[in-house]
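So the sequence shown is numbered by the working numbering: it starts at -9 and just counts up by one.
C-beta: ideal position from N, C-alpha, C; glycine also.
Notes for the one structure printed next.
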Amino acid sequence: MSVYHFLFTSTRTLSSSSRTFFHFPPRRHRYITTSNVSDSHSIMPHHKKRSGRKEQKWLQMARENGPSDATEFKSAASAEGITNGIGRLNIVENSAESPVPVLQFGAIGVDQIAARGQSSVINANLLHGKQSVFQPKAYGTMSAATVDAPKQTVAQSVALSNLFKNNLLENFSVDNSTYTTAKIRATFYPKFENEKSDQEVRIRMIEMVSKGLATLEVSLKHSGSLFMYAGHEGGAYAKNSFGNVYTAVGVFVLGRIFRQAWGTEASKKQAEFNEFLEREHMSISMELVTAVLGDHGQRPREDYVVVTAITELGKGKPKFYSTPEIIAFCRRWRLPTNHVWLFSTRNSVTSFFAAYDALCEEGTATSVCKALDEVAEISVPGSIDHIKVQGEILEGLVARIVSHESTKEMELVLKDYPLPIDEAHQDLGLGLREICAANRSDEKQQIKALLENTGTSFCPDYVDWFGIEAADVLPRNADRSVVSKFLQANPSDYSTTKLKEMVRLMKEKRFPAAFKCYHNFRKANSISSDNLHYKMVIHVHSDSTFRRYHKEMRYQPDLWPLYRGFFVDINLFKASKEKAAEMAKTSIDAGKTDKDSNDISGKRGLADEDANLMIKLKFLTYKLRTFLIRNGLSVLFKDGPAAYKAYYLRQMKIWNTSPGKQRQLSKMLDEWAVYIKRKCGNRQLSSSTYLSEAEPFLEQYAKRSPENQALIGCAGDLIRTEDFLAIVGVGGDEEGDLEVEKILEPSSPSRDSIQKKEGLIVFFPGIPGCAKSALCKEILSASEGLEDDRPIHSLMGDLIKGRYWQKVADERRKKPYSIVLADKNAPNEEVWRQIEDMSRSTKATAVPVVPDSEGTESNPFSLDALAVFIYRVLNRVNHPGNLDKSSPNVGYVLLMFYHLYDGKNRSEFESELIERFGSLVKMPLLKSERSPLPDSVKTVLEEGINLYRLHTNRHGRLESTKGTYAKEWVLWEKQLREVLFGNADYLTSIQVPFEFAVNQVLEQLKRIMKGEYVTPISEKRKFGTIVFAAIDVPVADVHNLLSSISENNPKVKTFIENNIRSNLEKAHITLAHKRSHGVIAVANYGPFVNQKVPVDVTALLLSDNLAALEVHPGSIDGQKISSKNEWPHLTLWTARGIPPKEANTLPKLVLQGKATRIEINPPFTISGVLQFH
């Protein structure tokens, strides 16, 4: 492997709010250090300490004395030990190869406790004077216990069964003596969605670096799955789940990393690492990259993990290590690190973004890493090489703003923690792929095989995967009331208080998230009627939740951030007054400490908005495989090649793919569609193994031409996975969802124009009272105004019995070329999916018509709009659906519809409809110039919303006339009518005239039918790929110059009039071209983009086929702008069939007498602007 460089400037002491690293005296000098990355083919090198080097120690922070989990009633240490013992007994039962010693409490074995049926409270007499001694197998010590494992397991199961048979949670009452402790076990970085466009984020990043306020940090995005590890006791977690094949694979791969890195010391280091994570209450987040969990962009050559985050969870708010701290930690424990680059000057950061833009459509791991090495101030190669372990197909880069001190801190870490030297290779036993291949009967068998091969030093028991294996013990899932009792109980410490705030806010605001609770079997022997243990997974369903939560943090700065991959241990217990007072004091002290500390490590001095600036930059060679081929399979096989073509063209438009690449990709993907359909017929290719077919196709396609090779990036070297793919339970995935995540597939109508041979479905994502029925009548009566000869008819939902959308589909099949007005509210994604399916199956275009409204932060309809809708309904009579002034629960029904849209603001609502259907019609509703909503109207609506939430939280979708709040509903409905009718004049005056609204809708529909509708692009990336850097010159200035030259030269004047005058439309001076001079040569002009450059024109050169001006670019801020071309020039004209680059030969043609040179003396000066093209 090539030698990478580290370029350093100055240094300072590296410090952290919670850790002390090391101290060096300040130095001013500048130097370069080189480091070789091992060429070994293994994933992690086998390290040993560098000889002659003083041993370095990792300094651990002091432990905070906090309240234990219900220690007043029982020994927490003993309970933990018994839980571990349970797991070890399971291993003894399952593994005949390596019997595991039984955990002992002095001379008392787990079997004795289980036999006595005391699984929750240990008899103090038994433990009196005994010392808890843990004797793991890794150190070669055998336990004295000789009780048979099956007898122990039976006794244990009986004790636990008796305990679990009683519904402890239902009988657990919450009162003043009830407390709860919430302990975060694992979490990943908070997700902050940039509200600015990607281009705005870039500009802000460049501005901050230019002013010396921050450094830009860039790292590779390995293509895998999120895996978090908190030690054996803390648990192993996927993105939103645990105890499944994803976490089993992660534990096995991480354990194998230790064996590769530490050799004969591996067992000892594994146990120490688990102990360290538990003692310091930390979690490690990694990208898990393997070939056994399904295909991404390329099957990795080896299975590995790379550390992406390290989190301290023991003191208040989670604290994330900075990247220098991560590297120091990983080198201490010999864990895999990622490749990182730092950019601390304006020149380097602008060159980085320019380099990405030049490589975004063709970049591979080799070309990207090489380019970034050249422009970064510091390049820190990872301990694993992406090219060797994953391959050339690179998913992307992650760029984020970090502290300006990061460069100095990185220097200190690299100096004090060099890469260890390789150890001799040793036999690691069966690999991940071999184990999965040998255990293909079911998922459970595969998980057990993986855990058994991980070894007992790293995975002493399997409780998190299989729980307590007894037939009548409760399943893993716990009742939903865990969350409500958690919120009702008193918090035992400050962290619990903050977590309760977070959960309560999300539930009150009805953010789309799930709080999934499970029995904590690891605490099984600590459970009693007054001491309950659970695990809670906070699963955020929509990215909008993070955005909305972040807005709440602006109003409540003390809120803790909402994290991704969020797992919490919950303990509900009873406490005495003395214990409660002690916990209250500890909580206050911890709260003060938390407020005095910074949020996230690395933020130091940065404002909240700037500290979270991040941008993901993906490469087309990855996206064509995952988004265009893999994600397009369902569209291709379900709806055919035409729908697939519409799908991939839509995606390329969203990405702003260059026209040339769009043409190349379209040709390739059309050929792929024919190839795979012919090979598979109607049997859809599995997305988890799609590369088995796609990779050979891409390899053959790439061989046809250099152009194809550049498009594909890299192909071949296929690894077959069918024989060792991990078995995932039906409908399961790493998210822990009940069903596999659905790919958002734009329907075939996403094309901007509507073909006349297709039908049209006009539908209404609205609320009762939005005037859709009245609008449908007007459209029918004014159908000639649409200038469309297709038959048009309306289907009113209130008049159709049975399944409405099925009836629409039936009508579509009968009249496939007609226009259908679907006169029924279509309020949610479930209905939208039905309409999408109907559009594809009946070859129709679907057009959503929505009432225009500003919306709120969490709903696409404002309270003003809701008030108007309710007022309209209350004025209806004889409504076919019986929703009119005579209905007793009009307010409740409309609130129910209103909340069907909850969770999306107006922008998100419209963007999703456009993404799904390709167009959107807005029906004007309220006047823009209107007075604010009266307080009485606003108050009654807010009271109704609060009442609705109380009602649905307790009763779900039960009618308002039933349930606990029936009387409150009656009173509110009466008050609602009084208030709205009392403000009748206002509610009437703020509405736009209905005729105006109808005309606006008709005009928009007409444009869509004619193909004149321009689809709004909702993506953030507005910049394109870069091919060359040039100085753009005003064409008028060039013409003026040519006129001056030709005044006294008739031949030149004739030449200009015949060839240049009418043909010269654009003028630029090429400075560097990606193909001729390389990516970095182009990227280095990044700091000067959009700046004016003076240009001296010194000569005009002419031949029979060519014409160009000789130029000499000037300077920008004292820095000379030089062209990479041997002869800087501005091409004026080339004869038909002659490429512009031939203008470079004009000086030679002059010497050969084949061209004329006309001097311009003194030089003529024009100004241009430096731009990327």
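- Spanning the alpha carbons of residue 1078 and residue 1158 requires a straight line of approximately 12 Å.
- In the DSSP assignment, residue 1149 forms a beta bridge with 1089.
- The Cβ atoms of residue 756 and residue 609 lie no closer than 7 Å to each other.
- Membership of residue 410 in any alpha helix (DSSP H) is not indicated, and neither H nor E is assigned to it by DSSP.
- Shown here, residue 622 sits in coil according to DSSP, grouped into three states, outside any helix or strand.
- Between the stretch 286 to 298 and the stretch 343 to 352 there are fewer than three C-beta pairs closer than 8 Å, too few to call the two in contact.
- Taking 8 Å as the upper bound for CB-CB distance, residue 382 and residue 356 are in contact here, some 6 Å apart.
- Here the C-alpha atom of residue 613 lies approximately 32 Å from the C-alpha atom of residue 1131.
- With respect to the C-alpha of residue 1161, the residue from 1019, 219, 1036 and 288 having the closest C-alpha is 1019.
- Counting only runs of 4 or more residues that sit fully inside the stretch 354 to 426, the alpha helix (DSSP H) segments are 355 to 365, 376 to 379 and 396 to 406, in chain order.
- When only Cα atoms are considered, residue 255 and residue 447 end up about 11 Å apart.
- Measuring C-alpha to C-alpha distances from residue 686 to each of 701, 352, 705 and 698 identifies 705 as the nearest.
- Counting the other CB atoms within 10 Å of its CB gives residue 545 a total below 16, which places it among the exposed residues.
- Linking residue 1122 to residue 1075 through their CA atoms gives a straight-line distance of about 24 Å.
- By the CB criterion at 7 Å, residue 813 and residue 763 fall inside the cutoff.
- Between the C-alpha atoms of residue 666 and residue 682 there is a straight-line separation of about 11 Å.
- A straight line joining the alpha-carbon of residue 320 with that of residue 449 spans about 20 Å.
- Between residue 380 and residue 290, the C-beta gap is smaller than 7 Å, which places the two residues in contact.
- Spanning the alpha carbons of residue 857 and residue 970 requires a straight line of approximately 8 Å.
- Boundaries of the beta strand (DSSP E) harbouring residue 210: 204 to 211, taken from the DSSP string.
- Here the C-alpha atom of residue 678 lies approximately 12 Å from the C-alpha atom of residue 288.
- The three-state reading of DSSP puts residue 748 in coil, since its state is none of H, G, I, E or B.
- Between residue 918 and the set 926, 512 and 842, the nearest pair of CA atoms involves 842.
- Between the alpha carbons of residue 378 and residue 698 lies a gap of roughly 23 Å.
- Taking the Cα of residue 432 as reference, the smallest distance to any Cα among 937, 235 and 165 is reached at 235.
- Bounds of the alpha helix (DSSP H) holding residue 971 are 956 to 972.
- Between the alpha carbons of residue 489 and residue 172 lies a distance of about 7 Å.
- Put simply, the backbone Cα of residue 527 is about 28 Å away from that of residue 426.
- Looking from the CA of residue 676, the closest CA among 702, 640 and 625 belongs to 625.
- Taking one beta carbon from each stretch, the stretch 556 to 573 and the stretch 534 to 548 have fewer than 3 pairs nearer than 8 Å; the two do not touch.
- Rounded to whole angstroms, residue 1025 and residue 1155 show a C-alpha spacing of 14 Å.
- Collapsing the DSSP output to three states places residue 1069 in a helix.
- A residue is called buried once 16 or more other Cβ atoms fall within 10 Å of its Cβ, and residue 783, having fewer, is exposed.
- Per DSSP, reduced to three states, the secondary structure at residue 1034 is helical.
- Each of 972, 916 and 1035 was checked against the Cα of residue 1152, and the nearest Cα belongs to 1035.
- Runs of the beta strand (DSSP E) lying entirely within the stretch 826 to 875 and spanning at least 3 residues, in chain order: 834 to 841.
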